[in-house]
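Chains as they are written, first to last, in the working numbering: chain A, 26 to 135; chain B, 34 to 178; chain C, 13 to 137. Where is the CB? At the ideal position from N, CA and C, for every residue including glycine. Here the structure is laid out as structure tokens; the discussion comes afterwards.
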Amino acid sequence: MDLTAIVKELKLTVAQGELELTRDVSGGYVGDLLSDVMANCKEGNLWITRQTHQNIVAVASLKDLAGIILVQGKEPERNTLDKASSEGIPIFVTKLSAFEVAGKLYNLIT
Amino acid sequence: MNLNYENSFEIQGGSFLKAGEVSVFVKKTLQRMGLPNDILRKVAIATYESEINIISYARCGVIHIDVNATRVLIDVQDEGPGIEDIQLAMRAGYSTASEEIREMGFGAGMGIPNIMSCSDDFQITSEVNKGTHLKVMIRMPANTN
Amino acid sequence: MTLYEIMDILDAKVLVGRKYLGTEIYTAFSADLLSDVLAFAKAKSILLTGLTNPQIVRTASILDIAAIILVRGKIPQTETLRLAEQLDIPILTTRYILFEASGRLYTNGIRGCEIKVGTDDVIAI
Numbered sequence: 026m027d028l029t030a031i032v033k034e035l036k037l038t039v040a041q042g043e044l045e046l047t048r049d050v051s052g053g054y055v056g057d058l059l060s061d062v063m064a065n066c067k068e069g070n071l072w073i074t075r076q077t078h079q080n081i082v083a084v085a086s087l088k089d090l091a092g093i094i095l096v097q098g099k100e101p102e103r104n105t106l107d108k109a110s111s112e113g114i115p116i117f118v119t120k121l122s123a124f125e126v127a128g129k130l131y132n133l134i135t
Numbered sequence: 034m035n036l037n038y039e040n041s042f043e044i045q046g047g048s049f050l051k052a053g054e055v056s057v058f059v060k061k062t063l064q065r066m067g068l069p070n071d072i073l074r075k076v077a078i079a080t081y082e083s084e085i086n087i088i089s090y091a092r093c094g095v096i097h098i099d100v101n102a103t104r105v106l107i108d109v110q111d112e113g114p115g116i117e118d119i120q121l122a123m124r125a126g127y128s129t130a131s132e133e134i135r136e137m138g139f140g141a142g143m144g145i146p147n148i149m150s151c152s153d154d155f156q157i158t159s160e161v162n163k164g165t166h167l168k169v170m171i172r173m174p175a176n177t178n
Numbered sequence: 013m014t015l016y017e018i019m020d021i022l023d024a025k026v027l028v029g030r031k032y033l034g035t036e037i038y039t040a041f042s043a044d045l046l047s048d049v050l051a052f053a054k055a056k057s058i059l060l061t062g063l064t065n066p067q068i069v070r071t072a073s074i075l076d077i078a079a080i081i082l083v084r085g086k087i088p089q090t091e092t093l094r095l096a097e098q099l100d101i102p103i104l105t106t107r108y109i110l111f112e113a114s115g116r117l118y119t120n121g122i123r124g125c126e127i128k129v130g131t132d133d134v135i136a137i
């Protein structure tokens with residue numbers, strides 16, 4: 026399923042990357058520990074997290090992730106958005122908790 | 034039901050292995066005394082976040098708990114670097130945590146905001162290179178006796 | 013559903029608290045950040061996390077969390093297990109990642125503790 030469809034189904038707010046939503050999502054990953062994400066996340070995954078500092082963009086870029094969903098209404102930092110823009114990493118925000126959005130995403134793409 | 038309790042706890046900075054020991058003890062003590070669940074939760078969270086802050090950032094600190102039938106007071110005084118910009122520290126998401134602290138699951142910048150949301154009255158003062166002082170008041174429900 | 017059924021769905025192993033497998037569970041919270049757990053997780057929920065340090069047990073005790081489910085095949089530190097025995101907090105471990113574990117439980121009817129947060133009105137179930 027591609028990002029546009031997922032954004033629509035999950036009612037995600039696009040904080041960055043409105044023009045980069047054609048990518049197909051390979052799966053999901055939930056986690057806030059950057060070392061775990063680096064070790065386990067797969068290319069094309071949609072990453073669900075509460076971390077908002079700009080390091081998340083580096084991780085997403087290195088692991089070639091489809092995008093990042095920030096949960097529980099957490100707004101990304103300005104630096105993070107700027108970095109995401111230059112790296113081409115879409116960033117989304119949802120008011121749902123990680124468990125809820127993971128559950129819904131799981132049912133969409135599995 | 035006796036609702037009077039007062040105790041002070043010393044906490045060593047950097048003692049991550051013990052982090053939460055004081056808070057769990059306080060919660061269980063107050064639970065045995067019969068404090069209502071919602072008050073217990075607020076006291077527990079405010080105490081725990083304070084304990085973590087001392088351990089994460091200060092050289093040492095003291096948490097003083099004072100309970101009576103009308104309110105719970107949590108007084109936290111630490112010795113350490115202090116907070117440079119209190120307004121920033123009160124903002125959800127702002128953090129000065131090291132990578133090590135983040136990898137342990139702390140340092141998301143929610144500590145002080147969490148304490149504030151548990152308090153009916155909250156005061157914080159800090160002096161750089163001296164330390165930080167937090168005063169939390171949680172009101173007991175009117176019908177507690 | 014019961015913790016036993018959750019163990020089944022997640023293909024999980026019980027490390028501490030076998031006697032609590034009959035506990036009824038309705039809600040879950042997934043996080044690796046303890047402050048988030050403190051801010052949002054509700055009493056009697058299960059906590060799904062990749063953290064293995066003793067603080068997860070103390071946090072669970074503070075919040076009356078029903079059980080901790082470690083994901084990504086993580087094994088808790090010795091001190092964590094000891095503390096869990098002492099504070100009577102069940103710990104299970106599953107090899108599924110947090111996304112998969114959350115997804116499976118959600119599919120089977122477990123819901124998040126908070127439906128929506130981030131506004132002035134916090135709606136909780």
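Practice problem: Indicate whether the contact test is met: 3 or more Cβ pairs, each with one atom in the stretch 86-95 of chain B and one in the stretch 107-115 of chain B, closer than 8 Å. | Solution: A contact between stretches requires three or more CB pairs, one per stretch, nearer than 8 Å, and the stretch 86-95 of chain B meets this requirement with the stretch 107-115 of chain B.
Quiz item: Using a beta-carbon distance cut-off of less than 9 Å, what residues from the stretch 35-52 of chain C approach chain B?
Solution: Within the stretch 35-52 of chain C, the residues whose Cβ lies closer than 9 Å to some Cβ of chain B are ALA43, ASP44, LEU45, LEU46, SER47, ASP48, VAL49, LEU50 and ALA51, listed in chain order.
Self-check item: Sequence-distant residues of the same chain with beta carbon closer than 6 Å to ASP99(B), five excluded per side
Solution: Here the question's residue 99(B) lines up with position 66 in the second sequence. Excluding the 5 residues flanking it on each side, ASP99(B) has same chain C-beta neighbours closer than 6 Å at GLU39 and LEU106, in chain order.
Quiz item: DSSP state of LYS54(C), grouped into three classes?
Solution: As a first step, residue 54(C) must be located in the third sequence, where it is residue number 42. It is coil, neither helix nor strand.
Quiz item: Of the residues VAL32(A), GLU34(A), GLY42(A) and LEU28(A), which one's Cα is nearest the Cα of VAL82(A)?
Solution: What you label residue 82(A) is simply residue 57 of the first sequence in a count that begins at 1. Checked all of VAL32(A), GLU34(A), GLY42(A) and LEU28(A); the closest Cα to VAL82(A) is GLY42(A).
Practice problem: Tell me the start and end of each unbroken beta strand (DSSP E) in the stretch 56-103 of chain C that is at least 3 residues and wholly inside, in chain order. | Solution: Counting only runs of 3 or more, we get 58-61 and 79-82.
Quiz item: With DSSP run on the structure shown, which of helix, strand or coil describes TYR54(A)?
Solution: Here residue 54(A) corresponds to residue number 29 of the first sequence, with the count starting at 1. Reduced to three states, the DSSP call for TYR54(A) is strand.
Self-check item: Neighbourhood of ILE72(B) by C-beta distance below 7 Å, restricted to the same chain and skipping five residues each side
Solution: On the second sequence, position 39 is the one that residue 72(B) refers to. VAL105, ILE171 and MET173.
Quiz item: Comparing alpha-carbon positions, which option in SER152(B), ASP118(B), PHE139(B) and CYS151(B) lies nearest SER159(B)?
Solution: Along the second sequence, read from residue 1 onward, the residue named residue 159(B) stands at position 126. Residue nearest to SER159(B) within the set SER152(B), ASP118(B), PHE139(B) and CYS151(B) is ASP118(B) (criterion: CA-CA distance).
Practice problem: Please name the residue or residues paired with HIS97(B) in a DSSP beta bridge. | Solution: Taking the first residue of the second sequence as position 1, residue 97(B) is located at position 64. Here HIS97(B) is bridged, per DSSP, to SER41(B) and ASP108(B).
Quiz prompt | Neighbour list for LYS60(B) in chain C, Cβ cutoff strictly below 8 Å | solution = As a position in the second sequence, residue 60(B) is number 27, starting the count at 1. Near LYS60(B) (Cβ distances below 8 Å), the residues of chain C are SER73 and ILE74.
Quiz prompt | chain B contact for ARG70(C) (CB, 7 Å cutoff) | solution = Taking the first residue of the third sequence as 1, we reach residue 70(C) at position 58. At a cut-off of 7 Å between beta-carbon atoms, ARG70(C) makes contact with chain B.
Quiz item: Between LEU59(A) and the rest of its own chain, which residues show a CB-CB distance below 8 Å, the 5 nearest in sequence each way excluded?
Solution: Locating residue 59(A) in the first sequence gives position 34, where the first residue counts as 1. If we look at LEU59(A) and ignore the five residues flanking it on each side, its Cβ neighbours are GLN76, ASN80, ILE81 and VAL84.
Quiz item: For GLY47(B), which residues from the same chain have a beta carbon less than 8 Å from its beta carbon, with the 5 sequence-adjacent residues on both sides left out?
Solution: Against the second sequence, residue 47(B) aligns to sequence position 14. Cβ neighbours of GLY47(B) within its own chain (closer than 8 Å, five residues either side excluded): ILE88.
Practice problem: Measuring only between beta-carbons, confirm whether ASN147(B) sits less than 7 Å from chain C. | Solution: Counted from its first residue, the second sequence places residue 147(B) at position 114. With 7 Å as the cut-off, ASN147(B) counts as an interface residue toward chain C.
Quiz item: Using 7 Å as the limit for Cβ to Cβ distance, is SER114(C) near chain A?
Solution: Counted from its first residue, the third sequence places residue 114(C) at position 102. With its beta carbon less than 7 Å from one in chain A, SER114(C) belongs to the interface.
Quiz item: Which of the three DSSP states, helix, strand or coil, is assigned to THR77(A)?
Solution: Here residue 77(A) is taken as the residue at index 52 of the first sequence, counted from 1. In this structure, THR77(A) counts as coil in the three-state DSSP scheme.
Quiz item: ALA52(B) and GLN67(C): beta carbons closer than 7 Å?
Solution: Numbered from 1 along the second sequence, position 19 holds the residue referred to as residue 52(B). Numbered from 1 along the third sequence, position 55 holds the residue referred to as residue 67(C). Yes. Within cutoff.
Practice problem: Mind checking who MET170(B) pairs with in its DSSP beta bridge? | Solution: Here residue 170(B) refers to the residue found at position 137 of the second sequence. In DSSP, MET170(B) forms a bridge with LEU106(B) and ASP154(B).
Quiz item: Does the beta-carbon of VAL161(B) have 16 or more other beta-carbons within 10 angstroms, so that it is buried, or is it exposed?
Solution: Taking the first residue of the second sequence as 1, we reach residue 161(B) at position 128. Flag for VAL161(B) reads exposed.
Quiz item: Would you say MET137(B) faces chain F, with C-beta separation under 7 Å as the test?
Solution: Among the chains of the structure shown, chain F does not appear; the protein chains present are A, B and C.
Quiz item: Between VAL55(A) and chain C, is there a C-beta pair that is closer than 7 Å?
Solution: Translated into positions along the first sequence, residue 55(A) becomes position 30. Cβ-Cβ to chain C under 7 Å: yes for VAL55(A).
Exercise. Figure out for me which residue from LEU95(C), LYS86(C), THR92(C) and ILE101(C) has the closest Cα to the Cα of ALA138(C).
Key: In the structure displayed, chain C extends from 13 to 137; residue 138(C) sits before or after that span and is not available.
Exercise. Could you tell me the distance, in whole angstroms, from the CA atom of ALA136(C) to the CA atom of LEU87(A)?
Key: Looking up residue 136(C) in the third sequence gives position 124. Looking up residue 87(A) in the first sequence gives position 62. Because the pLDDT of ALA136(C) is 39, which lies under 50, any placement of that residue in the model is unreliable, and the question is left without a value.
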